[in-house]
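Here is the structure we will look at, set down as structure tokens.
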């Protein structure tokens, strides 16, 4: 069988005999775990451009330098919070270009993270044998950003509880007090309290909560697991997703998380730094004057009053595009006191936005504060305690560097501000050439291209709080020829490297061998080289919230023949779990059935199926095709840059 065949159709997973999926591929029933690991040695070999393939004899000499995991983009969501943009999703209105404002499986985002953690715990030994037959133990996990969806305190608390293990309660909403929802009459208040008492879901997936004036067709832009969509839905294919009556409420019930059993290191993503991954808290506060606040009790739903048409702004600088989005968003939220736009939902002050220092403080109880204990004290002082990048040496001869790639002024794209770029340069410059360097950040090199100003014009304290000058910004790749805005990451080499972008900075240090990233919700691996065999690999990994909901194992091997190998292995925590038949009442689901149902629902996400597609290089972004082997289970070869090796 083809060991690199991904799960391309849900029927293979959910309507056949149980299958193993410990390494992101289907393994025939009857294959033992050890046999599965042995055949993994036949994975695809990739070499840096200009480098000769390594000798086959490396399997008799290789030894592990470090084995670790990557988990990324869990985007754990409070699906009942008022301040989201579900009503602007492409699925809801068709002509709007937000393709990830809502997901049919998002009520189970925290369950997906827990299921991923359970699988990582099982990968306690490497899938690749060293020369002596032993397998390295799992050292730690990297979380490469977007742990939460909307920068909310209760979302962050769900993540840390799940990492710690024990009881996790996904529900949000509190009983009303005399100070809450003052414009709600006694009947509404009684109904809201009843929802809280019963842990009942309140959001756009429950058709019965829509305003009476909401056209039936708009409801079909969302998936209600208890019923099919009425009218002529924008995307009728949501009606083909299996129905599980009661799932929305069952997803709100407390469950027992296993907890991650190895140390882990965290960096921020744009959803951890900005509301909805795009907006500054300053802008959201302004919009709150219209009656919709993150901790309030008015939630905008799709309605006949809201059918925003997005003007074309796909090219050019980011700042004008953000201004256009903010204008449309403001129109929506300013109607927040109209019950035909924003009906009542239970409020909850635990939804308050967290500050960046509060994000790092949430990880204080964990090993090395999940990495933030390694922040340079001088950078802390100079940044007024707003530096979120760090470096440490997990093993002699290996340095890891964590970057904070977020644009504090808004937008989902990233960049490095000048102080961090200077710090990174000094770290690389001071690292001995005998020490290998792994860098990780949330954004991929091509998505490090934000030109949005870091300062909020109305209140600078609510954007970039680092008092140091942020400019010039540094991007992932150099400018394309004859362009003032477009970045060129298609050219995989630079000789000589330029000094002003991350790709070329890393290429200037031969001991940098790997950049690990997330953000795009897809599996992709790229080589960057100086053209003479020297260079590094970028490994980007899928999201736990988006189909195919995968993570990755990474291992650095010294072949002791003048070459290094980086083994990248996709893990699929959901395969082998059979989804319940459609129509099954969710009240009877155990944990495995619940997460399997969520995975099956994720497979039917219209936004991802239509918006993912295939990129310019033919690489598969979603399940509607064959994922290329070069981005999945591979051995990445490169010359050993260390002197005397």
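Residue numbers (the numbering used here): 17 to 661. Glycine included, every Cβ here is placed at the ideal spot set by N, Cα and C.
Residue i - containing alpha helix (DSSP H), residue span
{"i": "residue 663", "result": "For the chain, the structure presents residues 17 to 661; residue 663 sits outside this window and is missing."}
{"i": "residue 435", "result": "434-446"}
{"i": "residue 169", "result": "169-180"}
{"i": "residue 376", "result": "372-377"}
{"i": "residue 614", "result": "607-618"}
{"i": "residue 646", "result": "Counting along the chain, residue 646 falls outside any alpha helix (DSSP H), and DSSP gives it neither H nor E."}
{"i": "residue 10", "result": "The structure shown does not extend to residue 10, since the chain is modelled only from 17 to 661, so the question has no answer here."}
{"i": "residue 266", "result": "263-266"}
{"i": "residue 519", "result": "518-523"}
DSSP bridge partner residues for residue i (one or two, in chain order)
{"i": "residue 397", "result": "None, per the DSSP bridge assignment."}
{"i": "residue 100", "result": "Residue 100 is not bridged to any residue."}
{"i": "residue 86", "result": "158, 568"}
{"i": "residue 490", "result": "432"}
{"i": "residue 390", "result": "Partner(s): none; residue 390 has no beta bridge."}
{"i": "residue 452", "result": "414"}
{"i": "residue 561", "result": "According to DSSP, residue 561 bridges with nothing at all."}
{"i": "residue 573", "result": "80, 581"}
7 Å Cβ shell around residue i - same chain, five flanking residues per side excluded
{"i": "residue 46", "result": "Low confidence applies to residue 46: its pLDDT is 27, below 50, so where it sits in the model is not reliable, and the reading given next is rough at best. So the list is empty, once near-sequence residues are dropped."}
{"i": "residue 487", "result": "434"}
{"i": "residue 215", "result": "187, 265, 268, 269"}
{"i": "residue 171", "result": "92, 93, 94, 164, 165"}
{"i": "residue 63", "result": "69, 653"}
{"i": "residue 659", "result": "449, 450"}
{"i": "residue 633", "result": "Note that residue 633 scores 41 on pLDDT, short of 50, meaning its location in the model is unreliable; the coordinates nonetheless yield the value given after this. Excluding residues within five positions, none has a Cβ falling inside 7 Å."}
{"i": "residue 466", "result": "334, 423, 427, 429, 430, 431"}
{"i": "residue 661", "result": "578"}
Beta-carbon separation (whole angstroms), residue i vs residue j, contact threshold 8 Å
{"i": "residue 80", "j": "residue 538", "result": "Not a contact, Cβ separation roughly 27 Å."}
{"i": "residue 262", "j": "residue 218", "result": "In fact, because the Cβ distance is near 15 Å, the residues do not count as touching under 8 Å."}
{"i": "residue 295", "j": "residue 426", "result": "6 Å"}
{"i": "residue 387", "j": "residue 418", "result": "6 Å"}
{"i": "residue 568", "j": "residue 584", "result": "6 Å"}
{"i": "residue 83", "j": "residue 157", "result": "11 Å between Cβ atoms; not a contact."}
{"i": "residue 490", "j": "residue 520", "result": "Rounded, the Cβ-Cβ distance is 10 Å, inconsistent with contact."}
{"i": "residue 101", "j": "residue 85", "result": "32 Å between Cβ atoms; not a contact."}
{"i": "residue 278", "j": "residue 154", "result": "5 Å"}
{"i": "residue 169", "j": "residue 368", "result": "5 Å"}
{"i": "residue 576", "j": "residue 178", "result": "Rounded, the Cβ-Cβ distance is 40 Å, inconsistent with contact."}
{"i": "residue 90", "j": "residue 125", "result": "7 Å"}
{"i": "residue 167", "j": "residue 370", "result": "6 Å"}
Residue range of the beta strand (DSSP E) that includes residue i
{"i": "residue 162", "result": "Residue 162 -> no beta strand (DSSP E), and no H or E assigned at all."}
{"i": "residue 125", "result": "Per DSSP, residue 125 belongs to no beta strand (DSSP E); it is in the alpha helix (DSSP H), 125-138."}
{"i": "residue 282", "result": "280-283"}
{"i": "residue 414", "result": "414-418"}
{"i": "residue 233", "result": "It is not in any beta strand (DSSP E) - residue 233 instead sits in the alpha helix (DSSP H) that spans 232-235."}
{"i": "residue 580", "result": "579-587"}
{"i": "residue 540", "result": "540-545"}
{"i": "residue 273", "result": "271-273"}
{"i": "residue 532", "result": "528-533"}
{"i": "residue 555", "result": "551-556"}
{"i": "residue 60", "result": "60-63"}
Contacts around residue i, its chain only, beta-carbon distance under 6 Å, and the 5 residues preceding and following it disregarded
{"i": "residue 609", "result": "596"}
{"i": "residue 51", "result": "For residue 51, the predicted model reports a pLDDT of 27, less than 50, meaning its position is unreliable; a value from the coordinates is still stated below. Excluding sequence neighbours, residue 51 sits near nothing in its chain."}
{"i": "residue 365", "result": "311"}
{"i": "residue 611", "result": "127, 131"}
{"i": "residue 555", "result": "532, 541, 584"}
{"i": "residue 617", "result": "120, 121, 257"}
{"i": "residue 231", "result": "320"}
{"i": "residue 550", "result": "526"}
{"i": "residue 140", "result": "154"}
{"i": "residue 142", "result": "83, 151, 152, 571"}
7 Å Cβ cutoff met for residue i and residue j
{"i": "residue 571", "j": "residue 144", "result": "yes"}
{"i": "residue 481", "j": "residue 404", "result": "no"}
{"i": "residue 535", "j": "residue 458", "result": "yes"}
{"i": "residue 453", "j": "residue 411", "result": "no"}
{"i": "residue 527", "j": "residue 655", "result": "no"}
{"i": "residue 192", "j": "residue 209", "result": "yes"}
{"i": "residue 229", "j": "residue 356", "result": "yes"}
{"i": "residue 138", "j": "residue 275", "result": "no"}
{"i": "residue 560", "j": "residue 290", "result": "no"}
{"i": "residue 505", "j": "residue 462", "result": "yes"}
{"i": "residue 650", "j": "residue 235", "result": "no"}
{"i": "residue 317", "j": "residue 246", "result": "no"}
Cβ neighbours of residue i in the same chain (closer than 8 Å, five flanking residues each side left out)
{"i": "residue 240", "result": "221, 222, 223, 264"}
Below-7 Å beta-carbon distance, residue i vs any chain C residue
{"i": "residue 96", "result": "Absence of chain C from the displayed structure is noted, only one protein chain being present."}
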